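In structure tokens, the structure reads:
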């Protein structure tokens, strides 16, 4: 059995221990010590990281009462000096205690129970058994932070099963082992094997990030302590940058951004309408000047400066016409783009053979089917040649069919 000193020496960061055993599993060294500060994970909280004799501890887990430390190489001494990653440990403690506080406030003020938990150093969420509006969540966030300001002691108890059943709001497992209870005054009384700070004030801050609908309830994404502070600082930095760019203060920022968004949407609509008119005109010109092979109009066209979206729009307008084969090559900011296809109901054309030779010509990759193929390459200088090669293959294909029908 490994002595678990991480509970009693919660704020201790280094320790010395005797090496009891080392063995290799799955290419990793499994080290068992007589005692450890390394928390193996549990109660939703991830395990500790750190070092043993300067060797990184990659994982920690409990097996048959022993705490196993996973290393990349064996320890060379019979004793080990351990050092936990204190920054990570403290932030996980803040996250865990903050979760206890917020979950307890949801139960106390709105009768909503936590039925799911995800806890990481920079990500935290709880699933509730009911729906929560943003306005309600904001009120509960304030109430949870008030618990932090009051700096309430966090007690760890090992009461009788009867006492736990009498006081806990959650289902209590039937077991002969002592059950560890985390108690925060009259707010929280929860079975938990995780590590939390000794006072609520050490959490610092609880900040809700967003609320998602999840199954038949809500998923609350939030952060506590240093992770929350980092997130808020990032938001503030972004907001200050926007305020400088838009020449406004924090009270005007939302309105100014919404106004600009509306203006951008109007401009996008106007641009799209203009593109539609230009594309329709371009389609008419391309169809008028394209060669006819039997009943098929073969459109070969190069776009010297375009985007994938603009090219796609022209392609769709062309293939909506009856009896059309389309071979488009476009030079975009990223490289050379090919779009080959034919009218939707057209069964006489297979663009894949032409596409395979053309995409190879520009050193690209892509794929498709008989009626549509698309690919991208970097050699824009060979784009014109690629389209010409494809055109000859399609012409041969169509002329062969024309000969068969004579």
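Numbering (the working numbering), first residue to last: 2 to 407. The beta carbon of each residue, even a glycine, is placed where N, CA and C say it ideally should be. Values in this document were obtained by computation on a predicted structure and should not be read as measured data.
Kindly give me the distance between the Cβ atoms of residue i and residue j, rounded to whole angstroms, as I take these residues to be in contact under 8 Å.
i, j, result
"residue 186", "residue 153", "5 Å"
"residue 319", "residue 284", "6 Å"
"residue 314", "residue 282", "Contact flag wrong, Cβ pair sits at about 13 Å."
"residue 452", "residue 99", "Missing from the structure shown is residue 452; the chain here goes from 2 to 407 and no further."
Which residue wins for smallest C-alpha separation from residue i, given the options the options?
i, options, result
"residue 326", "293, 307, 363 and 335", "293"
"residue 208", "192, 335, 214 and 230", "230"
"residue 113", "130, 122 and 54", "130"
"residue 52", "394, 121 and 84", "84"
"residue 139", "122, 107 and 166", "107"
"residue 306", "336, 177 and 65", "336"
"residue 227", "332, 257 and 94", "94"
"residue 65", "80, 150, 46 and 33", "33"
"residue 1", "250, 182 and 69", "This structure leaves residue 1 out entirely; the chain is present only between 2 and 407."
"residue 211", "142, 89 and 317", "142"
"residue 364", "380, 242, 349 and 244", "380"
"residue 308", "296, 333, 324 and 289", "333"
"residue 79", "35, 88 and 10", "35"
"residue 178", "161, 168 and 169", "161"
"residue 12", "331, 90 and 232", "90"
"residue 167", "216, 147 and 191", "191"
"residue 50", "87, 19, 21 and 26", "87"
"residue 67", "122, 45, 47 and 4", "4"
"residue 317", "290, 291, 266 and 345", "345"
"residue 278", "291, 296, 311 and 248", "311"
"residue 216", "401, 116, 348 and 263", "116"
"residue 92", "370, 291, 205 and 274", "205"
"residue 289", "322, 383 and 268", "322"
"residue 118", "69, 145 and 45", "45"
"residue 22", "10, 232, 109 and 2", "2"
"residue 20", "10, 81, 48 and 54", "81"
"residue 47", "371, 251, 196 and 151", "196"
"residue 347", "383, 145, 391 and 399", "399"
"residue 148", "101, 259 and 15", "101"
Per DSSP, which one or two residues make a beta bridge with residue i?
i, result
"residue 82", "17"
"residue 409", "Past the edges of the chain, shown from 2 to 407, lies residue 409, and the structure says nothing about it."
"residue 182", "158 and 192"
"residue 200", "154"
"residue 68", "63"
"residue 112", "Partner(s): none; residue 112 has no beta bridge."
"residue 24", "31"
"residue 120", "125"
"residue 56", "53"
"residue 293", "298"
"residue 43", "46"
"residue 397", "For residue 397, which the question treats as bridged, DSSP gives no partner whatsoever."
"residue 4", "36"
"residue 98", "For residue 98, which the question treats as bridged, DSSP gives no partner whatsoever."
"residue 304", "331"
For a test of your reading of the model: does the CB of residue i fall under 7 Å from any non-hydrogen atom of the ligand GTP? Yes or no.
i, result
"residue 194", "Inclusion of the ligand GTP in the displayed structure is not the case, the ligand content being empty and no account of it being possible."
Would you please verify whether the beta carbon of residue i is less than 8 Å from any beta carbon of chain D?
i, result
"residue 220", "No chain D is present in this structure, which holds just one protein chain."
Checklist entry - At a cut of 8 Å, does the segment 72-80 reach the segment 199-219 through at least three beta carbon pairs? => result No, they do not touch.
Checklist entry - Touching or not, the segment 215-235 and the segment 119-127, by the rule of three or more beta carbon pairs under 8 Å? => result A contact exists between the segment 215-235 and the segment 119-127.
Checklist entry - Which ranges does the beta strand (DSSP E) cover as unbroken runs of at least 3 residues, wholly within the segment 126-171, from first to last along the chain? => result Whole beta strand (DSSP E) segments, 3+ residues: 155-158.
Checklist entry - Can you list, in chain order, the stretches of the beta strand (DSSP E) that have 3 or more residues and sit fully within the segment 205-285? => result If we require 3 residues or more, the beta strand (DSSP E) runs fully inside the segment 205-285 come out as 207-215 and 218-225.
Next on the checklist: For the pair the segment 131-139 and the segment 232-248, tell me if three or more CB-CB distances fall below 8 Å.
Outcome noted: Contact between the segment 131-139 and the segment 232-248 is absent, with fewer than three C-beta pairs closer than 8 Å.
Next on the checklist: So, does the segment 326-346 touch the segment 373-386, judging by three or more C-beta pairs under 8 Å?
Outcome noted: In short, these stretches touch, since the Cβ pair count reaches three.
Checklist entry - Per the contact definition of three or more C-beta pairs closer than 8 Å, is the segment 351-367 in contact with the segment 380-394? => result Yes, the segment 380-394 is in contact with the segment 351-367.
Next on the checklist: Between the segment 58-69 and the segment 26-46, can you find at least three pairs of beta-carbon atoms closer than 8 Å?
Outcome noted: Flag = yes, the segment 26-46 and the segment 58-69 touch.
Next on the checklist: Runs of 3 residues minimum, wholly inside the segment 330-390: which ones carry the beta strand (DSSP E) assignment?
Outcome noted: Runs found: 337-343, 366-370 and 373-378.
Checklist entry - On the three-pair Cβ rule with 8 Å, is the segment 346-356 touching the segment 300-317? => result Pairwise C-beta distances place the segment 346-356 out of contact with the segment 300-317, as fewer than three of them are shorter than 8 Å.
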